[in-house]
Amino acid sequence: MRELSIFIDESGSDGLDAPYYILALVLHEQGNSLDSEIALYERSLRERGLPDIPVHTTPLLYRKKAYEGMDEETRKRLLSSFRVFFRHLPIRHACLTLDTKGFTTPDDVTVGMRRALVEFMFDNMVYLQGFDNIKVYYDDGQRSIARAIHEAADYALSRNAVIFRKASPADYRLGQAADYICTVELAALRYRDKQTTSTDEKFFGSRAQFKKGILKEVRAKRM
Numbered sequence: 003m004r005e006l007s008i009f010i011d012e013s014g015s016d017g018l019d020a021p022y023y024i025l026a027l028v029l030h031e032q033g034n035s036l037d038s039e040i041a042l043y044e045r046s047l048r049e050r051g052l053p054d055i056p057v058h059t060t061p062l063l064y065r066k067k068a069y070e071g072m073d074e075e076t077r078k079r080l081l082s083s084f085r086v087f088f089r090h091l092p093i094r095h096a097c098l099t100l101d102t103k104g105f106t107t108p109d110d111v112t113v114g115m116r117r118a119l120v121e122f123m124f125d126n127m128v129y130l131q132g133f134d135n136i137k138v139y140y141d142d143g144q145r146s147i148a149r150a151i152h153e154a155a156d157y158a159l160s161r162n163a164v165i166f167r168k169a170s171p172a173d174y175r176l177g178q179a180a181d182y183i184c185t186v187e188l189a190a191l192r193y194r195d196k197q198t199t200s201t202d203e204k205f206f207g208s209r210a211q212f213k214k215g216i217l218k219e220v221r222a223k224r225m
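Position 203 of the sequence shown, counting from 1, maps to 205 under our numbering, and the rest follow consecutively.
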């Protein structure tokens, strides 16, 4: 049986307090083992004297939560190690972005993201239909997004082929990859809109450096 895993993470909230709502989908064919990539990543952390903790990119950038006691250099090295890990992962991904200016309620988010998800599924239907099972991993962190995912999958895909799993990104490396994509794509919007922060420039560099480096690497794996 051919199985596909889809790990999903979002940037934005149902409070609509951010200008964009971003949804990242990381697609992994179960026949492609991740064992060697994970082993190399974990060895790299050990050799560099870095903690093996779940990567949560926004708190890492802003020294929040698990990164509160870490200096800037350590956080930069953690991000660098994960960047190399991401570059070697045998995955593909999609990133769906909504401009929230016209939204007034979480229901608006559900409708907009459901439409974007259905369009993505229809555009890639031949590929998706090549799998016997599709496992969707999402932590149900935002109610509007959880509804959109379920409704889109029920509409566009065979209900018998889709299995939903509630999973925190902290529990899965590919969930952390989805989180990483959200952060990078949100930074891309800030660079585009000339609204970058000093933190963006510390960790990602100038606009040209960002586009030629991290952003290019992330988008190389886009479907």
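Each residue gets a CB set at the ideal place from its N, CA and C atoms; glycine is no exception.
Note that the segment 3–11 does not touch the segment 76–84; fewer than 3 beta-carbon pairs, one per stretch, sit closer than 8 Å. Shown here, D101 sits in a strand according to DSSP, grouped into three states.
Contact annotation: M115 and L91 have beta-carbon atoms that are not nearer than 8 Å. Under the three-state reduction of DSSP output, E39 falls in the helix class.
A154 has its alpha-carbon roughly 13 Å from the corresponding atom of I165.
Boundaries of the beta strand (DSSP E) harbouring A26: 22–31, taken from the DSSP string. With contacts defined as CB atoms closer than 8 Å, A180 and V28 qualify as a contacting pair.
Three or more Cβ pairs closer than 8 Å define a contact, and the segment 59–71 falls short of that threshold against the segment 128–144. Considered as a whole, the segment 168–201 harbours no complete run of any beta strand (DSSP E) with no fewer than 3 residues.
Assigned with DSSP and collapsed to three states, E70 falls in coil, not helix or strand. When the beta-carbon positions are compared, M225 and A96 come within less than 8 Å of each other. Around the Cβ of R77, a 10 Å sphere holds 16 or more other Cβ atoms; the residue is buried. In terms of Cβ geometry, V113 and Y23 do not form a close pair [threshold 8 Å].
E187 is classed as buried because its beta carbon has at least 16 other beta carbons within 10 Å across all chains shown. If you draw a straight line from the Cα of R161 to the Cα of H30, it comes to about 20 Å.
Of the residues P21, Y69, G132, S170, the one whose Cα lies closest to the Cα of G33 is G132.
The criterion of a C-beta distance shorter than 8 Å is satisfied by L52 and R79.
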